[in-house]
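In order, the protein sequences belong to chains A and B.
Position one of the first sequence corresponds to residue 121 (our numbering), numbered consecutively onward.
Position one of the second sequence corresponds to residue 121 (our numbering), numbered consecutively onward.
2 protein chains.
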Amino acid sequence: MEQVLKQVLDGWSLQIKTANKVIESLSDEQLAGDIAPGKNSGVYLLGHLVTVHDGVLPLMGLGDKIFPEMENVFLRSPDKSGLPHPDVQTLRRNWLDINEKLNEHFAGFSLNNWMERHTAVSEEAFANEPHRNKLNILISRTSHLAYHLGQIALLK
Amino acid sequence: MEQVLKQVLDGWSLQIKTANKVIESLSDEQLAGDIAPGKNSGVYLLGHLVTVHDGVLPLMGLGDKIFPEMENVFLRSPDKSGLPHPDVQTLRRNWLDINEKLNEHFAGFSLNNWMERHTAVSEEAFANEPHRNKLNILISRTSHLAYHLGQIALLK
Chain A
121 MEQVLKQVLD GWSLQIKTAN KVIESLSDEQ LAGDIAPGKN SGVYLLGHLV
171 TVHDGVLPLM GLGDKIFPEM ENVFLRSPDK SGLPHPDVQT LRRNWLDINE
221 KLNEHFAGFS LNNWMERHTA VSEEAFANEP HRNKLNILIS RTSHLAYHLG
271 QIALLK
Chain B
121 MEQVLKQVLD GWSLQIKTAN KVIESLSDEQ LAGDIAPGKN SGVYLLGHLV
171 TVHDGVLPLM GLGDKIFPEM ENVFLRSPDK SGLPHPDVQT LRRNWLDINE
221 KLNEHFAGFS LNNWMERHTA VSEEAFANEP HRNKLNILIS RTSHLAYHLG
271 QIALLK
């Protein structure tokens, strides 16, 4: 069991490390470009990933978002909304900060912690759907990151 | 434990289901297009996913590849190599077939089966690196699929 959980966490860590490498390999100008004509920009996707990972904090009962102001522009609005947003240097730093924060929390998680319900599911629903737990958030965010990483990598 | 393993398998199944939806939503003409100027075509990525998933069979000791002839064009060669390859209708069918085959095998896997070494690692190395097991293949293929799915989705 511990081995299975360890491998899930390693899978998350590998995606974060890979994402950091890809993002660091791109210039601010490259990140400002669109991944394909008429599609999202690298900056939007980076901001989107920051706010989605930031959302894991309240979802896992680990506290409030660090960057709540980013949700409206990078999650509730499409790219090129014209809404003001942090510059790319700030987004790069926020990306490293939120993942460092999450990993600090995860380092202290026991198997029981991972099996706890996340805050988007009621105790009643959770009783019948035990998979709606914190581990499920980690697994889905790992694939979500890989999905957008495949797009950001197109900016190279 | 069983719950953790179940959630990893559900994560794989969800990516397969999502991929099937996206691929079915694209016309043959859309799949023939490039995901971005100068990047891979949808057809190449579909063939790449088929041959990578096909490679899981020998890697997990489940038998030989079903489509060995696809490895050279979709794994060892870049897109637009000019090498002959199956048409898109065949690739669509191969994609469903290989995943059905894999899921038939996985349905019979016990936790111990998932903890077994994959064939790309020696017994000696595996003794010191127990994570180089069949579960690791599943976790890495799940992220690999999500990565390319984010690209194929751009063809919509």
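All C-beta atoms in this analysis are idealised placements derived from N, C-alpha and C, irrespective of residue type, glycine included.
Please report the Cβ distance between residue 252 of chain A and residue 176 of chain A, rounded to the nearest whole angstrom; I am assuming they are in contact, meaning their Cβ atoms lie under 8 Å. Numbered from its first residue, the first sequence carries residue 252 of chain A at position 132. Numbered from its first residue, the first sequence carries residue 176 of chain A at position 56. Between residue 176 of chain A and residue 252 of chain A the Cβ distance is about 14 Å, and since that is not below 8 Å, they are no contact.
Q | Beta-carbon proximity of residue 186 of chain A to residue 199 of chain A, cut-off 8 Å | A | Residue mapping note: residue 186 of chain A aligns to position 66 of the first sequence, counting from 1. Residue mapping note: residue 199 of chain A aligns to position 79 of the first sequence, counting from 1. The answer is no: Cβ separation not under 8 Å.
### C-alpha distance - residue 236 of chain B paired with residue 138 of chain A, whole-angstrom precision
Residue mapping note: residue 236 of chain B aligns to position 116 of the second sequence, counting from 1. Residue mapping note: residue 138 of chain A aligns to position 18 of the first sequence, counting from 1. C-alpha separation (whole angstroms): 26 Å.
- Query: Beta-carbon of residue 254 of chain B versus every beta-carbon of chain A: anything under 8 Å?
  - Reply: Residue numbering aside, residue 254 of chain B sits at position 134 when the second sequence is read from its first letter. No, because no Cβ of chain A sits closer than 8 Å to the Cβ of residue 254 of chain B.
For a cutoff of 8 Å on Cβ pairs, would you count residue 176 of chain B as touching chain A? Counted from its first residue, the second sequence places residue 176 of chain B at position 56. Not closer than 8 Å to any Cβ of chain A, the Cβ of residue 176 of chain B fails to qualify, so no.
Exercise. Can the beta-carbon of residue 274 of chain B be found closer than 8 Å to that of residue 271 of chain A?
Worked result: Here residue 274 of chain B refers to the residue found at position 154 when the second sequence is read from its first residue. Here residue 271 of chain A refers to the residue found at position 151 when the first sequence is read from its first residue. Yes. Within cutoff.
Where does residue 199 of chain A sit, in a helix, a strand or coil, going by DSSP? Position 79 of the first sequence, counted from the first residue, corresponds to residue 199 of chain A. Residue state, collapsed to three classes: coil.
Mind checking who residue 213 of chain B pairs with in its DSSP beta bridge?
-> Along the second sequence, one-based indexing puts residue 213 of chain B at 93. DSSP, once it has assigned bridges, lists no residue as partnering residue 213 of chain B.
Worksheet entry | Contact between the segment 189-207 of chain B and the segment 236-251 of chain B (3+ Cβ pairs under 8 Å) | no
Cutting at 7 Å between CB atoms, please list the residues of its own chain near residue 133 of chain B, excluding the five before and the five after it. For the purposes of this step, residue 133 of chain B is identified with residue 13 of the second sequence, where counting begins at 1. Excluding residues within five positions, none has a Cβ falling inside 7 Å.
Mind checking whether the beta-carbon of residue 208 of chain A lies closer than 7 Å to any heavy atom of the ligand ZN? Of the ligands one can find in the structure shown there are none, so the ligand ZN has no counterpart to examine.
DSSP beta-bridge partners for residue 237 of chain B? To locate residue 237 of chain B, count along the second sequence from 1; it is residue 117. Per DSSP, B/253.
- Name the chain A residues whose beta carbon is nearer than 7 Å to that of residue 130 of chain B? Within the second sequence, the letter at position 10 stands for residue 130 of chain B. Per Cβ cutoff of 7 Å: 251.
message = For residue 162 of chain A and residue 268 of chain B, what's the separation of their Cα atoms in angstroms?
response = Locating residue 162 of chain A in the first sequence gives position 42, where the first residue counts as 1. Locating residue 268 of chain B in the second sequence gives position 148, where the first residue counts as 1. Taking the straight line from one Cα to the other gives about 16 Å.
Any idea what DSSP makes of residue 184 of chain B, helix, strand or coil? Within the second sequence, the letter at position 64 stands for residue 184 of chain B. Note: residue 184 of chain B maps to coil in three-state DSSP.
List the endpoints of the continuous alpha helix (DSSP H) containing residue 275 of chain B.
-> Taking the second sequence and counting its residues from 1, one reaches residue 275 of chain B at position 155. No alpha helix (DSSP H) holds residue 275 of chain B; DSSP gives it neither H nor E.
For residue 227 of chain A, count neighbouring C-beta atoms within 10 Å of its own C-beta (all shown protein chains included) and say buried if the count is 16 or more, exposed if not. Stepping through the first sequence from its first residue, residue 227 of chain A is reached at position 107. It is exposed - the Cβ of residue 227 of chain A has fewer than 16 other Cβ atoms within 10 Å.
Cut-off 7 Å between Cβ atoms - residues of its own chain near residue 207 of chain A, not counting five sequence neighbours on either side: Here residue 207 of chain A refers to the residue found at position 87 of the first sequence. So no residue of the chain qualifies.
Going by Cα to Cα distance, which pick from B/126, B/148, B/219 and B/123 is closest to residue 169 of chain B?
Residue mapping note: residue 169 of chain B aligns to position 49 of the second sequence, counting from 1. Closest option to residue 169 of chain B, Cα to Cα, is B/219.
Sequence-distant residues of its chain with Cβ nearer than 6 Å to residue 147 of chain B (five each side left out): Here residue 147 of chain B refers to the residue found at position 27 of the second sequence. Taken in chain order, the list of residues that qualify is empty.
_So if I threshold CB-CB distances at 8 Å, which residues from the segment 148-173 of chain B count as touching chain A?_
155, 156, 157 and 159
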